[in-house]
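Line order of the protein sequences matches chains A and B. One point on numbering: in numbering that gives the first Met the number 0, the residue at position 234 of the first sequence is 233, and numbering is uninterrupted. One point on numbering: in numbering that gives the first Met the number 0, the residue at position 117 of the second sequence is 116, and numbering is uninterrupted. Beta carbons: idealized from backbone N, C-alpha and C, even for Gly. Just so we're clear, the structure is a prediction, and the values are computed from it rather than from any experiment.
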Amino acid sequence: MTDWIRPTSLAEAVDARRDHPDYLVLAGGTDVMVGAIDRPAPIGVIDIFGLPELCVCEHDDEGRLRLGAGMSYAHLLGDARVAAAAPALVESAREIGALQIQARGTLGGNLGTCSPVGDTLPVLLALDAEIELRGPDGTRWLPVDDFCTGYRTTALAADELIVSVRLPVDSSSREQVWRKVGTRRAQSISKVMLCASTHRRDDGRLADVRIGLGAIAARPLRARATEAVLEGALPDGPLAARAAQAVLNDIAPIDDVRSRADYRRATTARLIRRWVLHLAQTSTTTNTGS
Amino acid sequence: MKLRFRLNDEDKELDVEPFRRLLDVLREDLHLTGSKEGCGEGECGACTVLIDGAPVNSCLVPVAQLDGHDIRTIEGLARQGTDGEVLLDEVQQALVSFGGTQCGICTPGIALCASAALTREPNADRARLRELLAGNLCRCTGYQLIIDALVDAASTRRGNSKR
Ligand SMILES: Cc1cc2nc3c(=O)[nH]c(=O)nc-3n(C[C@H](O)[C@H](O)[C@H](O)COP(=O)(O)OP(=O)(O)OC[C@H]3O[C@@H](n4cnc5c(N)ncnc54)[C@H](O)[C@@H]3O)c2cc1C
Ligand code: FES
Ligand code: FES
């Protein structure tokens, strides 16, 4: 019979993980339970769903919003602090699964699976989020870009837990956009997704541009070549075209059951172009250069 | 593993293999066969039950996660009147009146999901109801009569709560 551990505190959970690195860490189960009936039951489970310390959402002393890994999508959708700091994260959560999945699926589970189609990951990339990991030796923080290491692989060690996600203080002042392309709005796995964020300088030029993309490579990634084209530039039509060209060097899509590589390339380029055109249209500075 | 939980307003104790799916325990051990298996993968909502009032897919929940929680299945959605008569939930009554069901496989999940959604969002309109029910697939009806029924149930409930 599967050994079932239900820790009542984070400290207990960390101890259980140290003692049983071979046990399954279970949150809402919306990833691990898919197809589980066709596999042997795990020898043990560390059940962290609803653990109070993993469900906190609070600002730290420096004003950074810290979101517990155990927060469900329903949780995220109902929290005004998340809406203020990370509207793009709320938008992504709204389109994940449907009510039933949103009630169980958690932020930590999306990170733990680290699928190329994990919807929150491009958002966390575009917001410079950091991930809090805790093990027997204490806590470490990793930029989300370093946390995702490849196709469904992460930097999480066998004796560590994902504890929280931290957003930089400046996330609420970033203009954020979230776009998911799929077959229908609910219950659909993305063909392409984009989250982008930027600041604008007083002269209207873009600053600290961050672009997270999903479903276009083995792992969610930052579009660094595109970011370099946009950084310090004034958004206008020609810039949109150059950025849309640059993004083709950032991605490596494949053909699969959900879409084709050429569709993904064309769609990613279009999403980038539309975002930059949107920035041009909403610019408060008159752009005399184009 | 020994579990204690509330099931349809009654206290339950159960000794089960903890990793079994809630759906299987309901159907096979407790003989509550109202919850259906459509896909077994969280996509279709036919297995929907309410845990602490929230709709979830029972095909994705290992039964051990029920411990200490409150579960409602379709068998527990209708209430008993004072004379022992069955009082259907407004959503159930509307599904009957509008003919919002054919083979019936999706119906228990739709009734539970809609009933819970309307408790939380009594003012949900037709468009919002479609969104709230997006995780419940129906292969028979084409949805129109289901949504018509839910719109009607929403207004019945609002009327009842004013009285
Ligand atoms: C029908 C359906 C629709 C879906 N739609 C979407 C969608 O639109 N977009 C999307 O991105 N995903 C979607 N998913 C996938 C899934 O719901 C999400 O990835 C969800 O966030 C997983 O969270 P969970 O808590 O259920 O994870 P679980 O299944 O419990 O765990 C997932 C993995 O993370 C690990 N883990 C979880 N928490 C921790 C922690 N705190 N520390 C260490 N490891 C941990 C687990 O060990 C496991 O490896 C869908 C799934 C289904 C079944
Ligand atoms: S059987 Fe559970 S969602 Fe389809
Ligand atoms: S009535 Fe047959 S699936 Fe809906």
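Using a threshold of 8 Å, state whether the C-beta atoms of residue i and residue j are closer than that.
| i | j | result |
| --- | --- | --- |
| LEU167 of chain B | GLN79 of chain B | In the structure as shown, chain B begins at 0 and stops at 162. Residue 167 of chain B is therefore absent and cannot be evaluated. |
| VAL15 of chain B | LEU2 of chain B | yes |
| GLY108 of chain B | CYS46 of chain B | yes |
| ALA185 of chain A | ALA133 of chain B | yes |
| GLY75 of chain B | LEU59 of chain B | no |
| PRO115 of chain A | GLY213 of chain A | yes |
| GLU129 of chain A | VAL143 of chain A | yes |
| VAL90 of chain B | LEU117 of chain B | yes |
| VAL323 of chain A | LEU123 of chain A | Outside the shown range of chain A (0 to 289) lies residue 323 of chain A, about which nothing can therefore be said. |
Can you pull the DSSP bridge partners for residue i?
| i | result |
| --- | --- |
| PRO142 of chain A | A:GLU129 |
| ILE45 of chain A | A:ILE4, A:VAL24 |
| CYS147 of chain A | A:THR153 |
| ALA14 of chain B | In the sequence as presented, Ala is not what sits at residue 14 of chain B; that position holds Asp. B:LYS1. |
| GLY67 of chain A | A:SER163 |
| GLN79 of chain B | B:VAL85 |
| LYS179 of chain A | A:MET192 |
| ILE50 of chain B | B:ALA53, B:ILE70 |
| CYS54 of chain A | CYS54 of chain A is not bridged to any residue. |
| THR100 of chain B | Per DSSP, none; premise fails for THR100 of chain B. |
| LEU6 of chain B | B:GLU9, B:ILE70 |
Does any CB atom of chain D fall closer than 8 Å to the CB of residue i?
| i | result |
| --- | --- |
| GLY103 of chain B | Protein chains A and B are contained in the structure displayed, whereas chain D is not. |
Here's the rule: buried if 16 or more other CB atoms are within 10 angstroms of the residue's CB, otherwise exposed. What is residue i?
| i | result |
| --- | --- |
| CYS194 of chain A | buried |
| TYR150 of chain A | exposed |
| THR7 of chain A | exposed |
| THR182 of chain A | exposed |
| MET70 of chain A | buried |
| PRO17 of chain B | buried |
| GLN143 of chain B | exposed |
| SER289 of chain A | At SER289 of chain A the pLDDT is 45, less than 50, meaning the model places this residue with poor confidence and gives no usable figure here. |
| PRO252 of chain A | buried |
| SER154 of chain B | exposed |
| TRP3 of chain A | buried |
| SER160 of chain B | exposed |
| ASP10 of chain B | exposed |
Sort the options by Cα distance to residue i and report the nearest one.
| i | options | result |
| --- | --- | --- |
| LEU13 of chain B | B:GLU36, B:GLN64, B:VAL55 | B:GLN64 |
| GLU230 of chain A | A:ARG199, A:ARG93, A:VAL256 | A:ARG199 |
| PRO237 of chain A | A:SER163, A:GLN175, A:ILE210, A:ARG272 | A:ARG272 |
| THR283 of chain A | A:ARG269, A:ARG204, A:ALA243 | A:ARG204 |
| ASN56 of chain B | B:GLY83, B:THR155, B:LEU136 | B:LEU136 |
| ALA152 of chain B | B:GLU40, B:GLY99, B:PRO17 | B:GLY99 |
| ALA154 of chain A | A:ASP136, A:LYS190, A:ALA185, A:CYS113 | A:CYS113 |
| ALA84 of chain A | A:LEU64, A:ARG93, A:ALA97, A:VAL44 | A:LEU64 |
| ALA268 of chain A | A:LEU53, A:ASN248, A:LEU278 | A:ASN248 |
| ALA243 of chain A | A:ASP255, A:GLU226, A:VAL256 | A:GLU226 |
| ALA126 of chain B | B:ASP147, B:ASP51, B:VAL62 | B:ASP147 |
Considering only heavy atoms of ligand 4, does any lie closer than 7 Å to the CB of residue i?
| i | result |
| --- | --- |
| ALA45 of chain B | Absence of ligand 4 from the depicted structure is noted, with ligand 1, ligand 2 and ligand 3 being the only ligands included. |
Who sits around ligand 3, taking every residue whose Cβ is closer than 7 Å to one of its heavy atoms? Going along the chain, the residues that qualify are B:THR100, B:GLN101, B:CYS102, B:GLY103, B:ILE104, B:CYS105, B:THR106, B:CYS137, B:ARG138, B:CYS139, B:THR140.
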